[in-house]
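Participant: Just dropping this structure here.
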Amino acid sequence: MSHSRLLPILALLLSLPLRAQELDDATQPEPAQVLAEVERLVEDLGGESYDAREAAGRRLLNLGEAAWDRVYEASQSASDLELRYRAAELLKTLEKKKYSPIRIWEEHKDIVWAVAFSPDGRYLASGGGGQEMNGNWTEGSDFSMRIWNMKDGSLHKKLDGHKNAITAIAWFADSSRLVSSSSDNTAKIWDVESGKVTATLLGHTDRVSAVVVSEDGTLILTGSWDKTCILYDARNGKAVKQLDPPHLGRIWSVALSPDSKTVAVAGDHPHIRLWDLEKLAVKKELQGHSQAAVALAFSTKGDRLLSGGWDNSAIVWDLEKGMPAKVLSGHTGRVEGVAYSTDGKRALTGSLDRKVRLWNVETGELLHVYEGHTDAIGKVALSKNGKYAASGSWDHSVRLWPLPK
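Heads up: the sequence shown is residues 350 to 754, going by this note's numbering.
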């Protein structure tokens, strides 16, 4: 069979619906009977009968991950070169299906700036606001935060209260509350079940662009375009300390180390500053980006920091040395969203190039590129269980992606 005759088959395979994905199902070893079926189907894929080849391709595609290893093996080492080619083409289709969005939420009316998974894995929160049309910015009208049920994709709560765009979202460790920052110069603490605001954090005089919560849930840190960071007592919403990072300009991102002793701050300046929270003094300056650093995330152990910048790169920092451990290059637009996996082995980046990239932090290897958004990507997130990634976009959508095992 010629390669050109395979194209209609592959087009048909690409049009097939995704397999239903149960988000709560644990991964189980493939039953022996399924593996036996896969073996037979791969043989049929290299057979003489056109109908048998077509049927085998469709069935292998429907089996998805169960067929992955054997199809990959055939694509690399089959003695029949025609079978090797067919397996390689089918593998491309399987990969597209394997990494297609699990869910797409399109209820937001404006740009989605922020996404965040709840620590218990039950919810995904998203928020945004504002629109860009023909190069002109408008405030937009949708300043609501939405909390989605991970199990079935339904809307759990729609939270209204901000008067301008939501810029960042952070959860408390017990998943009962979350905090949002906004261009209305405030941050708000919300009760997830009631959907009510329990405290409004005041003190900034310009857009609050970033917010994080300490691991023990007692502190909230914000960063603002007014060039300051404020530390709040999460129990009463009162300001405790103010940081005035010199020479950084507008603050774009903040991160709090797991032990709550170190604050990382990124702004209009390429350098990232690490602050000793008790002494309110700069303890280290990280130099590596050539343009503004605008996204930050600490590793779970606190020994690494991930940053994204307007130079189209992300950097994994060795904090003991104060030097880049890895530079993650490949994006063709500003990197405005970064996330660290719980096990510290993978990083997720989102960019104005409309792509989400998954990386091996230890080697710097690119593991996968997620495509599908039709406009720039803002924040990205990784679930604590290591199964899912999320991205928010200027195309007004939120996408939930599967992570490779």
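All residues carry an ideal CB built from backbone N, CA and C; glycine is no exception.
With which residues is ASN709 paired in a DSSP beta bridge?
Facilitator: Locating residue 709 in the sequence shown gives position 360, counting from the first residue. Per DSSP, ARG695.
Participant: Anyone know if the C-beta pair for ILE518 and LEU504 falls short of 9 Å?
Facilitator: Residue 518 sits at position 169 when you count from the first residue of the sequence shown. Residue 504 sits at position 155 when you count from the first residue of the sequence shown. No; because the gap between Cβ atoms is not below 9 Å, this pair is not in contact.
Participant: Does TRP462 come out as helix, strand or coil in the three-state DSSP assignment?
Facilitator: On the sequence shown, residue 462 is found 113 positions in, with the first residue counted as 1. DSSP places TRP462 in strand when its eight states are reduced to three.
Participant: SER746 to SER648, Cα distance in whole Å?
Facilitator: Within the sequence shown, numbered from 1, the residue matching residue 746 stands at position 397. Within the sequence shown, numbered from 1, the residue matching residue 648 stands at position 299. Using only the alpha carbons, I get a separation of about 27 Å.
Participant: Going straight from the alpha carbon of SER531 to that of GLY572, what length do you get?
Facilitator: Within the sequence shown, residue 531 is the residue found at index 182, counting from 1. Within the sequence shown, residue 572 is the residue found at index 223, counting from 1. Rounded to whole angstroms, SER531 to GLY572 spans 11 Å at the Cα level.
Participant: Is it the case that the stretch 722-730 contacts the stretch 689-709, given that we only count it when at least three CB pairs across the two stretches are under 8 Å?
Facilitator: The answer is yes - the stretch 722-730 touches the stretch 689-709, with three or more Cβ pairs under 8 Å.
Participant: Hey, how far is the Cα of GLY477 from the Cα of ASN534?
Facilitator: As a first step, residue 477 is located in the sequence shown; it is residue number 128 there, counting from the start. As a first step, residue 534 is located in the sequence shown; it is residue number 185 there, counting from the start. Cα-Cα distance, rounded: 14 Å.
Participant: Count the other CB atoms, across all protein chains shown, that sit within 10 Å of the CB of GLY598; report buried if there are 16 or more and exposed otherwise.
Facilitator: Position 249 of the sequence shown, counting from 1, holds the residue named residue 598. GLY598 should be labelled exposed.
Participant: Which class does LEU551 belong to by DSSP, given the choice of helix, strand or coil?
Facilitator: Taking the first residue of the sequence shown as position 1, residue 551 is located at position 202. Of the three classes helix, strand and coil, the one that applies to LEU551 here is coil, per DSSP.
Participant: Throw me the rounded Cβ distance for the ILE538 and GLY586 pair, which I believe falls under 8 Å.
Facilitator: Taking the sequence shown and counting its residues from 1, the one referred to as residue 538 is at position 189. Taking the sequence shown and counting its residues from 1, the one referred to as residue 586 is at position 237. Right, the Cβ-Cβ distance comes to about 7 Å (below 8 Å), so this counts as a contact.
Participant: Using CA atoms only, rank isn't needed, just tell me which of ALA548, LYS447, ASP617 is closest to HIS511.
Facilitator: Residue mapping note: residue 511 aligns to position 162 of the sequence shown, counting from 1. Minimum Cα distance to HIS511 is reached at ALA548.
Participant: Compare the Cα-Cα distances from GLU685 to each of LYS733, GLU438, GLN382, SER740 and report the closest residue.
Facilitator: Here the question's residue 685 lines up with position 336 in the sequence shown. The shortest C-alpha separation from GLU685 is found at SER740.
Participant: Who are the Cβ neighbours of TYR472 in its own chain at under 8 Å, not counting the five residues just before and after it?
Facilitator: The residue labelled residue 472 in the question sits at position 123 within the sequence shown. Result list for TYR472: PHE466, ILE496, TRP497, ASN498, MET499, HIS505, SER524, VAL541, in chain order.
Participant: Which of the three DSSP states, helix, strand or coil, is assigned to LYS754?
Facilitator: On the sequence shown, residue 754 is found 405 positions in, with the first residue counted as 1. Reduced to three states, the DSSP call for LYS754 is coil.
Participant: Any idea if PRO594 is buried or exposed, counting beta-carbon neighbours within 10 angstroms, 16 or more meaning buried?
Facilitator: Your numbering for residue 594 matches position 245 in the sequence shown. PRO594 should be labelled buried.
Participant: Give the range of the alpha helix (DSSP H) segment to which ASN585 is assigned.
Facilitator: Residue mapping note: residue 585 aligns to position 236 of the sequence shown, counting from 1. Per DSSP, ASN585 belongs to no alpha helix (DSSP H) and is neither H nor E.
Participant: Answer yes or no: do LEU626 and LEU580 have a C-beta to C-beta separation smaller than 9 Å?
Facilitator: Taking the first residue of the sequence shown as 1, we reach residue 626 at position 277. Taking the first residue of the sequence shown as 1, we reach residue 580 at position 231. Yes, Cβ-Cβ distance for LEU626 and LEU580 is below 9 Å.
Participant: Give a yes or no on whether 9 Å exceeds the smallest Cβ distance from ASP418 to chain D.
Facilitator: Going by chain labels, chain D is absent from the structure shown, which holds only one protein chain.
Participant: Can you give me the C-alpha to C-alpha distance between VAL420 and GLU403, rounded to a whole angstrom?
Facilitator: Translated into the one-based positions of the sequence shown, residue 420 becomes position 71. Translated into the one-based positions of the sequence shown, residue 403 becomes position 54. If I take the Cα positions, the gap works out to 15 Å.
Participant: List the whole-angstrom C-beta distance separating SER602 from ALA536, where the pair is believed to meet the contact cut-off of C-beta under 8 Å.
Facilitator: Looking up residue 602 in the sequence shown gives position 253. Looking up residue 536 in the sequence shown gives position 187. No, SER602 and ALA536 are not in contact; Cβ-Cβ is about 14 Å, not under 8 Å.
Participant: Taking GLY686 as part of the beta strand (DSSP E), name the residues at either end of that continuous run.
Facilitator: One-based indexing of the sequence shown puts residue 686 at position 337. Here the beta strand (DSSP E) through GLY686 covers 684-689.
Participant: By Cβ distance below 6 Å, which residues in the same chain neighbour THR611 in space, the five residues on each side in sequence not counted?
Facilitator: Taking the first residue of the sequence shown as position 1, residue 611 is located at position 262. If we look at THR611 and ignore the five residues flanking it on each side, its Cβ neighbours are LEU623.
Participant: Excluding the 5 residues flanking LEU440 on each side, which residues of the same chain have their C-beta closer than 7 Å to its C-beta?
Facilitator: The residue labelled residue 440 in the question sits at position 91 within the sequence shown. Contacts found: VAL420, TYR421, SER424.
Participant: Just to confirm, is the Cβ distance from LEU682 to ASN709 under 9 Å?
Facilitator: The residue you call residue 682 lines up with position 333 of the sequence shown. The residue you call residue 709 lines up with position 360 of the sequence shown. For clarity, residue 682 is Gly in the given sequence; the question names Leu instead. No, these two residues do not count as a Cβ contact at 9 Å.
Participant: Does the Cβ-Cβ distance between ILE451 and TYR737 come in under 9 Å?
Facilitator: For the purposes of this step, residue 451 is identified with residue 102 of the sequence shown, where counting begins at 1. For the purposes of this step, residue 737 is identified with residue 388 of the sequence shown, where counting begins at 1. Yes; because the gap between Cβ atoms is below 9 Å, this pair is in contact.
Participant: Using 9 Å as the threshold, is the C-beta distance between VAL614 and ILE600 below it?
Facilitator: Locating residue 614 in the sequence shown gives position 265, where the first residue counts as 1. Locating residue 600 in the sequence shown gives position 251, where the first residue counts as 1. Yes; because the gap between Cβ atoms is below 9 Å, this pair is in contact.
Participant: Please state whether DSSP places ALA385 in a helix, a strand or coil.
Facilitator: Taking the sequence shown and counting its residues from 1, one reaches residue 385 at position 36. Residue state, collapsed to three classes: helix.
Participant: Out of curiosity, what's the CA-to-CA distance linking GLU386 and LEU635?
Facilitator: Here the question's residue 386 lines up with position 37 in the sequence shown. Here the question's residue 635 lines up with position 286 in the sequence shown. If I take the Cα positions, the gap works out to 54 Å.
Participant: If the criterion is Cβ atoms closer than 9 Å, does the pair ALA688 and LEU677 meet it?
Facilitator: Along the sequence shown, one-based indexing puts residue 688 at 339. Along the sequence shown, one-based indexing puts residue 677 at 328. It is not a contact, given that the beta carbons lie outside the stated cut-off.
Participant: Let me know the beta strand (DSSP E) ranges lying completely inside the stretch 404-462, each 3 residues or longer, listed in chain order.
Facilitator: Taking only runs of at least 3 residues, the beta strand (DSSP E) segments lying wholly in the stretch 404-462 are 452-454.
Participant: In terms of residues, what are the limits of the beta strand (DSSP E) holding SER573?
Facilitator: Counting from one through the sequence shown, the residue named residue 573 turns up at place 224. Taken as a continuous stretch (DSSP letters only), the beta strand (DSSP E) holding SER573 covers 568-573.
Participant: Would you mind stating whether GLY395 and LEU443 have Cβ atoms separated by less than 9 Å?
Facilitator: As a working mapping, residue 395 is identified with position 46 in the sequence shown. As a working mapping, residue 443 is identified with position 94 in the sequence shown. In this structure, LEU443 does not lie closer than 9 Å to GLY395 by Cβ.
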